[in-house]
Structure formats: structure tokens, C-alpha cells
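Below: one structure, written as C-alpha cells.
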Amino acid sequence: MTSPDSTGPFRKITPVANFLLERTVPLPLTEAWRRLTEWPRHAEVVPLTRVRVTTPEPTGVGTRFVARSGLGPLSIDDPMEVTVWQPPQDDDTPGLCRLEKRGRVITGWAEIEVRPGPGGRARVVWREELRVRIVPGGLDGVVERTARYVFGRAMNRLLRRA
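Each residue of the sequence shown is one higher than the one before, counting from 50 in this note's numbering.
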């Protein structure tokens, strides 16, 4: 699926990656939430990426941060803002976080949800819609497969690390 970047006869078409990742992990909801929403931890599991939180703690609606990926001049900023912040209050109530991607190159959104799973485990759902403006239209499948792999690997590593 592609979407127009701008209006007019010379508009570019940007690939759109929509994907869903689900995991059931042997963690309490609150711990799964913590591991996924401590934003600087994402730099530990995504190669060539640094994360800088640009607003004061604690995280909540309005928190902003930038994930910068790449090497030197070939780096891309992915600025994000938390627009929904509903942490689990205990290990029986679900939590939901929504991030809006507000960059010049990368736009879209991501949602991280934790909810009770079987046997006291946490069920984690990561939904994302990703647009990358520097990639030619028609490459939705490539963008989606790459994003699913990168984010799936990052999610697995975040959930494994204490």
C-alpha cells in the first residue's frame, strides 16, 4: 500500500509498511512494559542507533525522543512523540502506548500494548505503520519485511534483557 507524500501532479508515492508483532513472554505485565518503554534501551538492541529523550522524565503523553540511525552523514533521525500513555497499573490491567513518528524522512505511528496472557505471562502486541520518504514507491513489501525483521528482533531482545 502506498500513500501520497504531497499534493499536485509531481507527488511522490511513499511505501507504507503495516505490521503486527505478537509475543507471549514469562514476565509480569509491568516488567514487560518497562522493558519496552524505556526509550534509551532501544539503542542497545538496534544496530547503529542512538536514542535521545528530549523532554524531562517521567515518560507520559507529550514525551518526545529521537532515534538516530546510521553512520555519520548517512544517518536518519526518527523523532517520535508519545500520544497515548496508559501503563498497566498492576499485572491484571492492560497497558497501551502510542507513538507518532514526526520526521521529515520517517513518519507513521507505533503502538505497544501489554495485556494478561496465559499462565500469568504477558501478551505483547506491537503494531506499526511506517512510511519512509527516501524509498521509491512500489517497495512496500521490502520495507515491510525489513521493518518486521528489525523491529521483531529488537522487541525480542528488549523483552529478554532485564
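Just so you know, even glycine gets a beta-carbon here, dropped at the ideal spot from N, CA and C.
Alpha-carbon to alpha-carbon, residue j and residue i
i, j, result
"D139", "T79", "7 Å"
"E162", "N67", "16 Å"
"R170", "E130", "28 Å"
"G109", "V115", "15 Å"
"R206", "V95", "9 Å"
"A159", "W175", "7 Å"
"V65", "V181", "7 Å"
"S124", "L97", "9 Å"
"L120", "A92", "14 Å"
Among the options, the one whose alpha carbon lies nearest that of residue i
i, options, result
"T156", "D127, W175 and R176", "D127"
"R113", "V100, W82, R182 and I125", "V100"
"P136", "G201, R83 and R209", "R83"
Where residue i falls: helix, strand or coil (DSSP)
i, result
"D127", "strand"
"R209", "helix"
Anticipated Cβ contact below 8 Å, residue i with residue j, distance rounded
i, j, result
"V133", "C146", "6 Å"
"A268", "E177", "Here the chain comprises residues numbered 50 to 211, so residue 268 is not present and cannot be evaluated."
"G166", "T73", "5 Å"
Bounding residues of the beta strand (DSSP E) (the contiguous stretch that carries residue i)
i, result
"V154", "Here V154 belongs to no beta strand (DSSP E), and DSSP marks it neither H nor E."
"V174", "A171 to V181"
For residue i, the first and last residue of its enclosing alpha helix (DSSP H)
i, result
"V115", "Note, V115: premise wrong, no alpha helix (DSSP H); beta strand (DSSP E) at R113 to S118."
"V94", "H91 to V94"
"R83", "L78 to T86"
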